[in-house]
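Residue numbers (this note's numbering): 45 to 114.
Read through the structure below, which is laid out as structure tokens, and then see the notes.
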Amino acid sequence: MSTRAMHLNDLDRLTTEMMEYICDKLCRYPEMERDEESLAELCAGCRMGEFLCNILSHEGARTNETEKRS
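Put into structure tokens, the structure is as follows:
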């Protein structure tokens, strides 16, 4: 496995853990929505996934630039 792939796997693992923590410990909606379907709708509209994708995209682009220079 390349260094880049290992780095992105580590980053993916860390961001997954971060999202689990945010959703399970910080998000207020699981306490407010007892209905699983309503909660799923709220989660689908959550912008944390978008933010996470932006972080991963930025890091992937940065890693590509670093590899090109090496």
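Yeah, the Cβ is synthetic: ideal placement off N, Cα and C, and Gly gets one too.
Check, Outcome
"Could you pull the start and end residues of the alpha helix (DSSP H) that residue 77 belongs to?", "Neither: residue 77 is in no alpha helix (DSSP H) and is coded neither H nor E."
"Determine the contact status of residue 59 and residue 86, defining contact as a CB-CB distance below 8 angstroms.", "no"
"Using a Cβ-Cβ cutoff of less than 8 angstroms, which residues in the same chain neighbour residue 83 once the five nearest sequence positions on both sides are dropped?", "73, 74 and 77"
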